[in-house]
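Residue numbers (our numbering): 10 to 275.
The beta carbon of each residue, even a glycine, is placed where N, CA and C say it ideally should be.
Since this is a predicted model, take the numbers as computed values, not measurements.
First up is the structure itself, then whatever we jot down about it.
Laid out in structure tokens, this is it:
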């Protein structure tokens with residue numbers, strides 16, 4: 010199922026889509042595969058795999074720490090592709106969140122080819138803007154991949170419209186100015202940002218940064234098409250005394266988030 014089909018199905022059900030993020034290779038490559046499969050089995054609609062990177066400027070301390078552990082364990086891009094292939098076999102769509110340097114180093118078209126062959130659906134590129142993405146735009150067209158750029162509360166109306174016009178699958182609305190991380194309350198800026206996107210496009214809008222539980226997922230899902238959760242899920246594994254406890258905690262939170270996006274009919 011493609012990303013667009015997931016959003017269309019959820020829209021027909023009158024609910025939002027849950028998107029759960031986990032770095033590949035954290036705590037190990039096999040451990041990350043097990044974690045993402047557990048998230049899918051617990052009801053998360055879309056798995057967002059993060060490619061570990063040494064300078065993750067958007068990510069907060071929890072995901073930074075997980076990426077450091079993955080890199081220290083020797084994870085490579087080929088391992089991330091292997092993890093994507095394993096998770097995609099579950100039938101749950103997989104998107105990759107990645108900073109741009111690793112893709113340029115791999116080769117943009119070659120990466121798009123190998124990513125599509127692994128079953129990946131599209132890329133979220135936080136540090137790539139459409140103005141400078143000609144190579145990626147061409148490669149994503151050639152290999153039929155979705156592309157998700159970011160908009161934020163500080164985006165001008167002109168820039169927001171231009172960015173959304175280059176997205177396919179969904180657009181990522183960063184609900185706060187700052188790095189990722191679970192918060193006590195969700196952003197008050199998010200509804201206004203979603204409304205600004207809806208004024209210029211009917212593309213699904215995913216809201217990220219800050220959601221930590223099912224109640225907050227329900228709150229965000231009442232106005233957004235997708236609820237993106239990263240740090241709270243990663244913390245389940247990071248804080249666990251062992252792998253089994255981490256997977257159990259991860260399953261419980263994933264199920265809570267899945268219930269949250271289904272609790273509010275839109």
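Whole-angstrom C-beta distance between residue j and residue i, which should lie under 8 angstroms
i	j	result
residue 214	residue 182	5 angstroms
residue 12	residue 102	5 angstroms
residue 247	residue 74	6 angstroms
residue 266	residue 53	7 angstroms
residue 205	residue 169	6 angstroms
residue 14	residue 32	26 angstroms between Cβ atoms; not a contact.
residue 155	residue 178	3 angstroms
residue 1	residue 260	The requested residue 1 does not occur in the structure, where the chain is confined to residues 10 to 275.
Euclidean distance between Cα positions of residue i and residue j
i	j	result
residue 216	residue 223	14 angstroms
residue 2	residue 19	There is no way to answer for residue 2, as the model of the chain reaches only from 10 to 275.
residue 107	residue 92	14 angstroms
residue 245	residue 237	16 angstroms
residue 275	residue 133	26 angstroms
residue 90	residue 39	12 angstroms
residue 45	residue 171	33 angstroms
residue 51	residue 97	15 angstroms
residue 115	residue 85	11 angstroms
residue 26	residue 131	16 angstroms
residue 57	residue 28	7 angstroms
residue 152	residue 16	21 angstroms
residue 141	residue 175	12 angstroms
residue 249	residue 37	14 angstroms
With 16 other Cβ atoms within 10 Å as the buried cut-off, status of residue i
i	result
residue 234	buried
residue 157	buried
residue 70	exposed
residue 21	exposed
residue 253	exposed
residue 34	buried
residue 147	exposed
residue 163	exposed
The ligand MG heavy atom lying under 6 angstroms from the CB of residue i
i	result
residue 30	Annotation note on the ligand MG: not contained in the displayed structure, which lists no ligands.
Closer than 7 angstroms to chain D by CB, residue i
i	result
residue 237	Annotation note: the requested chain D is absent from the structure, which comprises a single protein chain.
Residue from the options with nearest C-alpha to residue i
i	options	result
residue 227	139, 160, 264	264
residue 63	53, 81, 87	81
residue 135	161, 129, 211, 148	161
residue 126	61, 95, 250	95
inquiry  = Threshold first: 4 residues or longer. Then list the alpha helix (DSSP H) segments lying entirely within the stretch 109-190, N to C.
reply    = 109-115, 117-126, 143-151, 166-174
ask   = If you scan the stretch 25-51 from start to end, which runs of the alpha helix (DSSP H) of 4 or more residues do you find wholly inside it?
value = 38-50
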